[in-house]
């Protein structure tokens, strides 16, 4: 997710050199762009689970069906977003801004990203096939290749360097899809060359197995929904802060990109913690569970404290990465300082969430995520916006995080009691 998020972050850095309107446009496009990643990654989770289980059962025929059917679903997802790009791009951007320049930039950017999204769906799916069979290093090669190509071609296509035409915001979108497409080609090569656990067949891709589709989506749909919550939240926040000014929207977009560098490592820690907790629960090694939780809370908290200090001490330099104007600095500096208050609190909530997933209580994670990003945050932001003071709106983040941590702790205590009764050992 971090590498995929980097595409929009890098695009934002370069398009901010065009104008603040261009930066705002890319911010408005982000929810739909992130939805594509959610669909691809969530489906990938389903493919990964089925493929890994099939290989564990030595059912190689089923493993091949999972891989090939997964590629069919990637193409199907592309077709869906092709239609969305052609029909929804205009209304989607217009619902967030009335500025004609921002609208033109936003529609251009997201329409290209959607109609040429075949790369992102195949890239993520092919990477999942490598991950499911233990070829994580090759998966990383594909991810890094796409990101590097995007970074190289962004300035070339945006500003018309090395003989390329000057394409502006459209150039950023083309650089993104170019990176994704070339990464998917590399992913296909790596699977065919090094992934001996599966056999990719064009015939099987175009003739998918229906029961396999159901099995993939049985796991994938909940993951898609979880990952899509962020898209809904950013869309609604864009609309709320947009009532103040387009600069406020740009500030929110910059914040959301900057916070990725601190939240994503903690989510990565979370992903690594889940199998450790699950294994030690199965082995009834409760001391190891407590030790892993204590270590993870301390590490996640430390990462988030660093993030808070950066946002509190150097908000100006961080904003200037995105070519911030004086008005953007005036709005953005207090915004970053206010929002960053919740980072350490979020660290604890995220680690507690790993317990729910590891102990097969994922419904609690879903409830907390919905509460944090939708049920509490959005109504609070809207109510605070009625004060007419933009700085008040940013307090919705600390408020929602405090509420979600409270709910997380209540669920955590319940889960630990239930699990202790199930295994007959105090956890």
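Residue numbers (our numbering): 59 to 485.
Glycine included, each C-beta is placed from N, C-alpha and C at the ideal position.
In this text the structure is predicted, and so the values were computed from the model without any measurement.
### Query
According to DSSP, is residue 269 helix, strand or coil?
Residue 269 sits at position 211 when you count from the first residue of the chain shown. Looking at residue 269 - three-state DSSP - the assignment turns out to be helix.
### Message
With a threshold of 7 angstroms on Cβ separation, who are the neighbours of residue 290 within its own chain once the five nearest residues in sequence on each side are excluded?
### Response
As a first step, residue 290 must be located in the chain shown, where it is residue number 232. Hits under 7 angstroms: 432.
### Message
Here's a check: name, in chain order, each residue in its chain whose Cβ is nearer than 6 angstroms to the Cβ of residue 231, leaving out the five neighbours to either side.
### Response
For this step, residue 231 is matched to residue 173 along the chain shown. Counting only Cβ-Cβ distances below 6 angstroms, and skipping sequence neighbours, we find 167, 170 and 171.
### Query
Using 8 angstroms as the Cβ pair cut-off and three pairs as the minimum, do the stretch 388-401 and the stretch 447-462 touch?
yes
### Query
Using the C-alpha atoms, what's the distance from residue 248 back to residue 183?
Within the chain shown, numbered from 1, the residue matching residue 183 stands at position 125. Within the chain shown, numbered from 1, the residue matching residue 248 stands at position 190. For residue 183 and residue 248, the distance between alpha carbons rounds to 13 angstroms.
### Task
Could you please give the first and the last residue of the uninterrupted alpha helix (DSSP H) stretch that includes residue 432?
Stepping through the chain shown from its first residue, residue 432 is reached at position 374. No alpha helix (DSSP H) holds residue 432; DSSP gives it neither H nor E.
### Query
Is residue 130 near residue 266, with beta carbons less than 9 angstroms apart?
Taking the first residue of the chain shown as position 1, residue 130 is located at position 72. Taking the first residue of the chain shown as position 1, residue 266 is located at position 208. Result yes, Cβ atoms of residue 130 and residue 266 sit closer than 9 angstroms.
### Message
Could you tell me which whole alpha helix (DSSP H) segments of length 4 or greater appear in the stretch 203-256?
### Response
227-252
#### Entry: Boundaries of the alpha helix (DSSP H) in which residue 472 is found, first to last residue
Mapped onto the chain shown, residue 472 falls at position 414. From DSSP, the alpha helix (DSSP H) with residue 472 extends over 454-481.
### Query
Quick one: is residue 118 buried, meaning 16 or more other Cβ sit within 10 Å of its Cβ, or exposed?
If you number the chain shown from 1, residue 118 lands on position 60. Residue 118 comes out exposed.
### Query
What first and last residue would you give for the alpha helix (DSSP H) that runs through residue 111?
Reading the chain shown from its first residue, position 53 is the one you call residue 111. That run of the alpha helix (DSSP H) goes 78-114.
### Task
With DSSP as the reference, label residue 412 as helix, strand or coil.
Within the chain shown, the letter at position 354 stands for residue 412. Of the three classes helix, strand and coil, the one that applies to residue 412 here is helix, per DSSP.
### Task
Tell me whether residue 253 is buried or exposed, calling it buried when 16 or more other Cβ atoms sit within 10 Å of its Cβ.
For this step, residue 253 is matched to residue 195 along the chain shown. Under this definition residue 253 is a buried residue.
### Message
If contact is defined by three or more beta carbon pairs under 8 angstroms, each pair taking one atom from either stretch, is the stretch 190-197 in contact with the stretch 207-217?
### Response
no
### Task
Thinking residue 363 and residue 333 are a contact (beta carbons under 8 angstroms), I'd like their distance in whole angstroms, please.
By one-based count along the chain shown, residue 363 stands at place 305. By one-based count along the chain shown, residue 333 stands at place 275. Contact flag wrong, Cβ pair sits at about 26 angstroms.
### Query
At what residues does the alpha helix (DSSP H) containing residue 336 begin and finish?
If you number the chain shown from 1, residue 336 lands on position 278. From DSSP, the alpha helix (DSSP H) with residue 336 extends over 304-340.
#### Entry: Distance, residue 134 Cα to residue 229 Cα
Along the chain shown, one-based indexing puts residue 229 at 171. Along the chain shown, one-based indexing puts residue 134 at 76. Cα-Cα distance, rounded: 26 angstroms.
### Message
Tell me the rounded alpha-carbon separation between residue 383 and residue 209.
### Response
Reading the chain shown from its first residue, position 325 is the one you call residue 383. Reading the chain shown from its first residue, position 151 is the one you call residue 209. Cα to Cα, the separation comes out at about 23 angstroms.
### Task
Pull up the distance between the alpha-carbon of residue 430 and that of residue 405, whole angstroms please.
Here residue 430 refers to the residue found at position 372 when the chain shown is read from its first residue. Here residue 405 refers to the residue found at position 347 when the chain shown is read from its first residue. Near 13 angstroms, if we compare the C-alpha coordinates of residue 405 and residue 430.
### Query
Taking DSSP as the reference, what is the three-state secondary structure of residue 382?
For the purposes of this step, residue 382 is identified with residue 324 of the chain shown, where counting begins at 1. Note: residue 382 maps to coil in three-state DSSP.
### Task
Could you please give the first and the last residue of the uninterrupted alpha helix (DSSP H) stretch that includes residue 189?
Along the chain shown, one-based indexing puts residue 189 at 131. Unbroken alpha helix (DSSP H) run through residue 189: 176-190.
### Query
Of all the options 180, 155, 190 and 285, which has the alpha carbon lying nearest to the alpha carbon of residue 137?
In the chain shown, residue 137 corresponds to position 79, counting from 1. Closest by alpha carbon: 180.
### Task
To the nearest angstrom, report how far apart residue 145 and residue 178 are at their CA atoms.
Here residue 145 refers to the residue found at position 87 when the chain shown is read from its first residue. Here residue 178 refers to the residue found at position 120 when the chain shown is read from its first residue. Using only the alpha carbons, I get a separation of about 20 angstroms.
### Message
Once the 5 residues before and after residue 278 are set aside, which same chain residues still bring their CB inside 6 angstroms of it?
### Response
Working through the chain shown from its first residue, we reach residue 278 at position 220. Here the set comprises 100, 101, 103 and 104.
### Query
For residue 154, which three-state DSSP category applies?
Indexing the chain shown from 1 puts residue 154 at position 96. Correct three-state label for residue 154: coil.
#### Entry: Closest by C-alpha distance to residue 312, when choosing among 389, 112, 186 and 154
On the chain shown, residue 312 is found 254 positions in, with the first residue counted as 1. The shortest Cα separation from residue 312 among 389, 112, 186 and 154 belongs to 389.
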